[in-house]
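Here the structure comes first, spelled out in structure tokens, and everything after it is commentary.
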Amino acid sequence: SQQGEEDPQALSIQEGENATMNCSYKTSINNLQWYRQNSGRGLVHLILIRSNEREKHSGRLRVTLDTSKKSSSLLITASRAADTASYFCATDAEAAGNKLTFGGGTRVLVKP
Amino acid sequence: EAQVTQNPRYLITVTGKKLTVTCSQNMNHEYMSWYRQDPGLGLRQIYYSMNVEVTDKGDVPEGYKVSRKEKRNFPLILESPSPNQTSLYFCASSRIGDEQFFGPGTRLTVL
């Protein structure tokens, strides 16, 4: 099974609301990364959080990491229609030599 | 502009006809990787390279070959494509242990 698994698989919210998605993983990691993908396009890197960090912010994005629970969350505040996309977490496992393992993604729909 | 380029972006071919998808990055990254993305299966790594002349198998390497003769290029070769290799392919590059930059994708259909 995949190293990272996102929850929920799909999320539908109104513009202005917050969106939260979670990622769980199985093995120890060097870092965990979040990516966004608009339909059929390339992935865009959002945030990288290292294993010794607990929280990181970038604009309207907030990522937390709990290594004891092997989980991470991505919060998008004050969502916009342009945030509609699929969001993936990816883990860089300690033993994997820079290899990223992706979860199945969360599809987010922000309705105007 | 820092980028990863892939060519072609779209390709329709027939079973058994050898093809190459090129990938090039202009960021002097050591690490390069190929992924395929299929509905319900997410992104799966095909091959990766930690540096020139250093390549290794990912999770789904069967039916694919790669080479890394130069730092900037990492072509993906399908010697004898089959319909189950119909997919969306992404190339990515990064510094070791850092965020990955993805190309725009190549949509391949094998008839």
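Residue numbers (my numbering), protein chains in the order written: chain A, 34 to 145; chain B, 350 to 460.
We treat Cβ as the ideally placed atom computed from N, Cα and C, and that holds for glycine.
No experiment lies behind these values; they were computed from the predicted model shown.
For Q394/B, the chain A residues whose C-beta falls within less than 7 Å of its own C-beta are K132, listed in chain order.
Taking 8 Å as the cut-off, the beta carbon of L81/A is found no closer than this to the beta carbon of R69/A. I109/A is not a Cβ neighbour of R87/A, given a cutoff of 8 Å.
Annotation for S431/B: no beta strand (DSSP E) segment contains it, and DSSP assigns it neither H nor E.
Three or more Cβ pairs closer than 8 Å define a contact, and the stretch 422-434 of chain B falls short of that threshold against the stretch 40-58 of chain A.
With a cutoff of 8 Å on beta-carbon distance, N64/A and D125/A are scored as near each other.
Listed as beta-bridge partners of H78/A by DSSP are Y68/A. In this structure, the straight-line span from the alpha carbon of Q352/B to that of E428/B is close to 27 Å. Comparing alpha carbon positions, the residue from T362/B, R358/B, G365/B closest to C372/B is R358/B. Think of a sphere of 7 Å around the beta carbon of G75/A: the chain B residues whose beta carbon falls inside it are F439, F451, G452, P453, G454, in chain order.
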